[in-house]
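The structure under discussion appears below in the form of structure tokens.
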Amino acid sequence: MPDTQRRPIMDGPAVERIIARMAAEVLRLAGGSAELVLVGIHRRGVQLAARLADAIEAHGGVSISSGSLDITLYRDDLMAVGPRPVVGQTRLPAGGIDGRIVCIVDDVLYTGRTVRAALDELADFGRPRRTLLAVLVDRGGRELPIQADVVGERVDVPEGGRVEVKVPEIDGELGVEVVEAG
Amino acid sequence: MAQELVNPALGKDLLGLEELTREQITAILDTAEAFKEISDRPVRKVPYLRGQTVVNAFFENSTRTRVSFEFAEKRMGADTVSISTTGSSVQKGETLVDTARNLEAMRIDMVVIRHASSGSARFLAERIESHVINAGDGKHEHPTQGLLDLLTIRDHRQSLEGLKVCICGDVLHSRVARSNLHGLRRLGAEVAVCGPLTLMPADVRELGVHYFPRIEAAIEWADVLNVLRLQLERMKGGFIPSLREYNRVFGVTRARVEAAPRDLLILHPGPMNRGVEIDSDVADGPHSVILQQVTNGVAVRMAVLYLLAGGPVADTTEGAA
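Protein chains in written order, with our numbering: chain A, 109 to 290; chain B, 483 to 803.
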């Protein structure tokens, strides 16, 4: 694409370091791992949730149940957007989410609309005792009163810019770039 | 954000599989695959079609298809109304288009139509603004049935490419056969038909499919059998000598299935005439995926509603909000 600038802001090792720190914070907020469930939002939130689960395991030596959530059907702008992404699978841990501590994991927090949709969708699956939000990047620009409990990195990105998180499973590498119109 | 996930758009209506591309059919099946899980949730409903109104206009008897569409619509969050021939103004002589225009005047978004006349779905689609989904028009097509058959086969055999599928029975009068034929071939399957010549289209050999005059030969050849319902009124029409005779020559029986050289997959669109085109042993046996077809029908119809309801193409770059 012409007239765009890509600026790497995190490389793979940096992301790993940040996820390790986030893992400790999530464990602290959840008061341990006993009731914790990680739920990644499609698409890259799912891979990040898996990494976070690994990091928590490395940190606390316990395995964490994790799931995935596709919020496409709960979006508030569906009639206005297209072409639509293919809907991904929603899979929650076998034990359900009732009474547990659910940590929603996404790559970038921006308007907050995705998180709003995720909260609505989770409510149809049950009633967690507590719901947390962990994001790798908070870029500001909220359109709803939603904040993350655990933030990997705050990045100031002007309107029109994009934050692209790359994960090996989809993009072949781990890292974060800011893409700005030049 | 990379937008590699783009569906080939479906257009305004779903009228038949003949006019769909391989990519469009695959997009519907992939979407249906993701939607299967919704029917297993504690709350079997998503708000995607909230505030949208769907009219189920069934001018011909149907239980399974109508109920399947209603479940699909409700699980996608739509409001639905159903009209049928009996008790509607259709009986008073109102034309199809007048009925639909009156419904549109009450503000609706989609019409699901089942009608005895071939081409009625297209006729309607060209005259109203709402999305039209063909739920079976005469002998023409029944696209959602074709799609759910494809999905069910794909569930068990991964790919349709090169798979040998034989459609057995009354191909001449069957919209299910026609939708299957188009869909299967679009996805690369090899298709055959089997049944009495009186129930085959005159151009059966020009369809570009194999024809088996004996069910044993079809079973010898096929990976998958899609056994059509023999409409009992065909006997009165003189197409077949008797139901017993039909079962003797074309019935899918346990002995015949057990003699098959491959692990057969057996589909039937329902409702079944047990002991006529298919024996109970087979219908309830290990090769049958008939009830799974019914389950898949809801997911396929949800996918069609979802893909048709999409808005105009716009920029979706949202910075992964």
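Every residue, glycine too, gets a C-beta built ideally from N, C-alpha and C.
Computed from a predicted structure; not experimentally measured.
Checklist entry - Can you tell me the Cα-Cα spacing of Gly-210/A and Ile-172/A, whole angstroms? => result Position check: residue 210/A holds Val in this sequence, whereas Gly was assumed. Roughly 11 Å between the two C-alpha positions.
Next on the checklist: Which of the three DSSP states is assigned to Tyr-530/B in this structure?
Outcome noted: DSSP, reduced to helix, strand and coil, places Tyr-530/B outside both helices and strands of the structure shown, so it counts as coil.
Checklist entry - Is it the case that the Cβ atoms of Pro-673/B and Leu-707/B are separated by a distance below 8 Å? => result For the sequence presented, residue 673/B should be read as Val rather than Pro. It is not a contact, given that the beta carbons lie outside the stated cut-off.
Next on the checklist: Can you look up Val-594/B in the DSSP assignment and give me helix, strand or coil?
Outcome noted: strand
Next on the checklist: Just verifying my parser: in three-state terms, what is the DSSP assignment at Ile-126/A?
Outcome noted: helix
Checklist entry - Any C-beta of chain A sitting closer than 8 Å to the C-beta of Glu-555/B? => result No, Glu-555/B does not count as interfacial toward chain A.
Item to check | Reference Arg-736/B, options Ser-762/B, Asp-745/B, Tyr-728/B, closest by Cα | outcome: It is Ser-762/B whose Cα lies nearest to the Cα of Arg-736/B.
Checklist entry - Expressed to the nearest angstrom, what Euclidean distance is found between the alpha-carbon atoms of Gly-196/A and Leu-177/A? => result 8 Å
Next on the checklist: Can you check whether the C-beta of Glu-519/B is within less than 8 Å of a C-beta belonging to chain A?
Outcome noted: Interface criterion met: the Cβ of Glu-519/B is under 8 Å from a Cβ in chain A.
Checklist entry - Residues of chain B with CB under 9 Å from Thr-198/A, in chain order? => result Ala-516, Glu-519, Ile-520, Arg-523
Checklist entry - Hey, does Thr-513/B have any beta-carbon neighbour from chain A nearer than 8 Å? => result Yes, because at least one Cβ of chain A sits closer than 8 Å to the Cβ of Thr-513/B.
Checklist entry - Looking only at C-alpha atoms, which of Val-776/B, Gly-792/B, Val-786/B, Ala-785/B sits nearest to Ser-550/B? => result Considering only alpha carbons, the answer is Val-776/B.
Next on the checklist: Taking the straight line between their C-alpha atoms, what separation do you get for Ala-598/B and Arg-783/B?
Outcome noted: 21 Å
Next on the checklist: Would Thr-222/A and Glu-251/A be called neighbours here (beta carbons separated by less than 8 Å)?
Outcome noted: no
Item to check | One or two residues paired with Asn-708/B in a DSSP bridge | outcome: Ile-649/B, Leu-749/B
Checklist entry - Apart from the five residues on each side of it in sequence, which residues of its chain come closer than 7 Å, Cβ to Cβ, to Ile-205/A? => result Val-145, Leu-230, Phe-233, Gly-234, Pro-236
Next on the checklist: Just to confirm the assignment, what range does the alpha helix (DSSP H) spanning Arg-270/A have?
Outcome noted: For Arg-270/A, no alpha helix (DSSP H) run applies; the uninterrupted beta strand (DSSP E) run containing it begins and ends at 270-274, by DSSP.
Item to check | Residue-chain proximity (Val-528/B, chain A), Cβ-Cβ < 8 Å | outcome: yes
Next on the checklist: In the DSSP assignment, the alpha helix (DSSP H) including Val-195/A goes from what residue to what residue?
Outcome noted: In the DSSP annotation of this structure, Val-195/A is not part of any alpha helix (DSSP H), being labelled neither H nor E.
Item to check | Ile-722/B in three-state terms, based on DSSP | outcome: Here Ile-722/B sits in coil by DSSP.
Item to check | Where Val-287/A sits in the DSSP three-state scheme | outcome: Per DSSP, reduced to three states, the secondary structure at Val-287/A is strand.
Checklist entry - Since Leu-789/B and Pro-751/B are thought to touch, with beta carbons under 8 Å apart, how far apart are those beta carbons, to the nearest angstrom? => result The Cβ separation is near 22 Å, so there is no contact.
Item to check | When Asp-705/B, Glu-576/B, Tyr-530/B, Leu-578/B are compared against Glu-555/B, the one with the closest alpha-carbon | outcome: Tyr-530/B
Checklist entry - Taking the runs of the alpha helix (DSSP H) that are 4 residues or longer, which of them lie wholly in the region 136-223 of chain A? => result 152-168
Checklist entry - Is the CB of Val-195/A under 8 Å away from at least one CB in chain B? => result yes
Next on the checklist: Between Gly-234/A and chain B, is any beta-carbon pair separated by less than 8 Å?
Outcome noted: Yes, because at least one Cβ of chain B sits closer than 8 Å to the Cβ of Gly-234/A.
Checklist entry - What separation, rounded to the nearest whole angstrom, lies between the Cα atoms of Glu-505/B and Val-213/A? => result Whole-angstrom Cα-Cα distance: 32 Å.
Checklist entry - How would you label Glu-611/B, buried or exposed, when you count the other beta carbons within 10 angstroms and need 16 or more for buried? => result exposed
Checklist entry - With a cut-off of 8 Å, does the C-beta of Pro-191/A fall near any C-beta of chain B? => result The predicted model places Pro-191/A with a pLDDT of 49, which falls under 50 and marks its position as unreliable; any figure quoted below should be read in that light. Closer than 8 Å to some Cβ of chain B, the Cβ of Pro-191/A qualifies, so yes.
Next on the checklist: Check whether the region 643-656 of chain B and the region 693-702 of chain B touch, using three or more Cβ-Cβ pairs below 8 Å as the test.
Outcome noted: yes
Next on the checklist: Please return the same chain residues whose Cβ sits closer than 8 Å to the Cβ of Pro-191/A, not counting the five positions on each side in sequence.
Outcome noted: At Pro-191/A, the pLDDT of 49 sits below 50, so the modelled position is not reliable; the number obtained from the coordinates is stated separately. Once the five neighbours on either side are set aside, Pro-191/A has no close Cβ partner at all.
Next on the checklist: Measuring alpha carbon to alpha carbon, tell me which residue in Arg-557/B, Gly-792/B, Ala-491/B, Val-771/B is nearest Leu-632/B.
Outcome noted: Val-771/B
Item to check | Cross-strand partners of Thr-562/B (DSSP beta bridge) | outcome: Val-536/B
Next on the checklist: Need the endpoints of the alpha helix (DSSP H) that Asp-264/A sits in, please.
Outcome noted: Asp-264/A -> no alpha helix (DSSP H), and no H or E assigned at all.
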